[in-house]
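Order-wise, the sequence lines are chains A and B.
This note's numbering puts the first sequence at residues 1 to 210.
This note's numbering puts the second sequence at residues 211 to 420.
Number of protein chains: 2
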Amino acid sequence: MSVEHILLGVLSWMPNSGYGIKKEVEISGRELGWGRLSYGSIYPKLKKLEEEGFIRTVTAEREGRMTKIYELTAKGWRELGDWLRRPPAPPEIRDELVMKISFWETGLPEDRETLIEHLELRRREAEEMVRHLEEWSRNGYSAISELGGLSMDYWIDHLRLSIEWYGRMIRYLEGPPTPPRQDPHGLYEKARRRRQAALGLEESDSPEHP
Amino acid sequence: MSVEHILLGVLSWMPNSGYGIKKEVEISGRELGWGRLSYGSIYPKLKKLEEEGFIRTVTAEREGRMTKIYELTAKGWRELGDWLRRPPAPPEIRDELVMKISFWETGLPEDRETLIEHLELRRREAEEMVRHLEEWSRNGYSAISELGGLSMDYWIDHLRLSIEWYGRMIRYLEGPPTPPRQDPHGLYEKARRRRQAALGLEESDSPEHP
DNA sequence: TTGGACATGTAACGGGTTACATGATTGA
DNA sequence: TCAATCATGTAACCCGTTACATGTCCAA
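So, in structure tokens, the structure goes:
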């Protein structure tokens, strides 16, 4: 179980529809703690949770439109509590940019500009996310619990740290290349040679602008 | 493509076996940027990459043991470069602890102790990870490029920030409960009532120790 | 009248994990 | 000799996404 638990959790805030749950998670930036929720997983899971008695439908109508509102049953509240009590799994992070950075010197050493572009793009995205979170957390109409507010701070702090780091990285890349921090077996030198040999590149190397 | 690219990237550091690739990614903490690599995905992908001509086998023997060492072909180096040039996908983070925190007040408001335990466990894990990364990044025999070193710093900084935040959170939870940061519609009050009604709980509420 | 937000759903597919199966070598 | 480490591989499965299908209501 896992998307199931997110659904139970969001329904613990208030009774809601599948569509509403998705909105809720998106706007609150709760997606930060969970990749994202797609309708393709929400609706089938909601159905399943209802069949299993964790949630029940309260209305099938809201302002004329067809809208199935679900709420937690006693069993659902208990399951949510049990899940919360279990120790959380370690965080899973998948950051392609940081991965690319660690392959950059062996994979594309002559093109630092593109990496700078990647970093600048990422920095803009992070700045935008911070703005969104800050605005949302002071908008005056969304409910934010004491702990929820602190979670929000968590993401904001991490985003700020990332933004700072992207900047450091960019400044660093705009400067002259420096030797590896640690390389007792000449691995980077060897990698460069293997690449040049495989690609049939000239030894001329990285085009330095005068 | 994606695990494929991680494999190409690791092979750009040096020719390696499936087993060796997994080790490499684990010890260098590169797993931080990628969930984890299982043999169940490594070996089939390696086979596929070889069939498609991105990598080739160089030896099938290493010190008497059967060991298939792969290295990049020209096509593999080109594909790695092409991938690196493409803008990276936004980071994906899945943090069950932070998710649980945001459901805690509606899902399990009376039990703050368990949440403190979760935070303490997580803090210990993060501290251990920092120790591992710091030790590794100064062990004197692993190759660490300039950029790779900065990536390492990135993870270490983020882990430290997390550790700090876990501590703040714990101190906060050990203090008295405070009202929601923002709650114009009395959502948290309503949620508490719904839960109590569903579970048939007494209004006595959270057991305060005198 | 048309585009956008609201709203629900399914089927095929993809990507990776878990669990299992196997076996050599080395050091305590 | 026994556990740990080195080493490769497969098959079943899980989980979730993408893409598609469908329809309403409202405001410009």
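Using N, Cα and C, we set each Cβ at its ideal position, and we do this for glycine too.
Using a Cβ cut-off of 8 Å, pull out every chain B residue sitting near residue i, in sequence order please.
i      : result
A:A246 : Residue 246 of chain A is absent from the model: chain A starts at 1 and stops at 210.
A:L49  : Those within 8 Å of A:L49 in chain B number zero; the least Cβ separation is about 15 Å.
A:E105 : S355, E356, L357, G358
Which residues in chain A sit within 7 Å of residue i, going by Cβ to Cβ distance?
i      : result
B:E236 : Within 7 Å Cβ-Cβ: nothing; B:E236 doesn't reach chain A, min ~14 Å.
B:Y364 : V98, W165
B:L242 : I93
B:T324 : R85
B:Y280 : Here the premise fails: no neighbours, minimum Cβ distance about 13 Å.
What in chain B is Cβ-close to residue i, meaning under 7 Å?
i     : result
A:S17 : The contacting residues do not exist; A:S17 stays about 16 Å from chain B at best.
Determine whether the beta carbon atoms of residue i and residue j lie at a separation below 8 Å.
i      : j      : result
A:P88  : B:H215 : no
A:R123 : A:G167 : yes
A:L11  : A:E79  : no
B:D393 : A:A143 : yes
B:W375 : B:G239 : no
B:P156 : A:D95  : Limits of chain B in this structure are 211 at one end and 420 at the other, which puts residue 156 of chain B out of reach.
B:G243 : A:V98  : yes
A:S102 : B:G358 : yes
A:W155 : A:L187 : no
B:E356 : A:R181 : yes
A:L7   : A:L46  : yes
A:Y172 : B:L360 : yes
B:I326 : B:I237 : no
A:Y39  : A:K22  : yes
With a threshold of 8 Å between beta-carbons, can residue i be considered close to chain A, or not?
i      : result
B:L369 : no
B:S421 : Residue coverage of chain B in this structure runs from 211 to 420, which leaves residue 421 of chain B outside it and unanswerable.
B:S248 : no
B:W223 : yes
B:L290 : yes
B:G385 : no
B:E338 : no
B:I311 : yes
B:T283 : yes
Please confirm whether residue i has its beta-carbon closer than 8 Å to some beta-carbon of chain B.
i      : result
A:G35  : yes
A:L7   : no
A:M169 : yes
A:T59  : no
A:E125 : yes
A:L133 : no
A:L121 : yes
A:S204 : Interpretation of A:S204 is limited by its pLDDT of 49, a score under 50 that renders its predicted location unreliable; the figure taken from the coordinates is listed afterwards. A:S204 does not count as touching chain B.
Between which two residues does the beta strand (DSSP E) holding residue i run?
i      : result
B:I326 : Note, B:I326: premise wrong, no beta strand (DSSP E); alpha helix (DSSP H) at 322 to 346.
A:Y70  : 65 to 72
Whose Cβ in chain A lies nearer than 8 Å to the Cβ of residue i?
i      : result
B:H328 : P87, P88
B:G350 : Q182, P184
Terminal residues of the continuous alpha helix (DSSP H) containing residue i?
i      : result
B:E302 : Not the alpha helix (DSSP H): B:E302 falls in the beta strand (DSSP E), residues 302 to 304.
B:G377 : 356 to 384
B:G215 : Checking the displayed sequence, the identity of residue 215 of chain B turns out to be His instead of Gly. That run of the alpha helix (DSSP H) goes 213 to 223.
B:G250 : 249 to 261
A:R192 : 187 to 199
A:G18  : 18 to 27
Under 9 Å between beta-carbons, which chain A residues line up against residue i? List them in chain order, please.
i      : result
B:W287 : G107, R194, R195, A198, L199
Review point. Are there three or more Cβ pairs, one per stretch, closer than 8 Å when the stretch 282 to 301 of chain B is compared with the stretch 258 to 271 of chain B?
Key: yes
Check your understanding: Are the stretch 125 to 137 of chain A and the stretch 308 to 317 of chain B touching by the rule of at least three beta carbon pairs closer than 8 Å?
Key -> no
Practice item. Specify whether the stretch 390 to 409 of chain B and the stretch 9 to 28 of chain A touch according to this definition: at least 3 beta carbon pairs, one from each stretch, less than 8 Å apart. Key: yes
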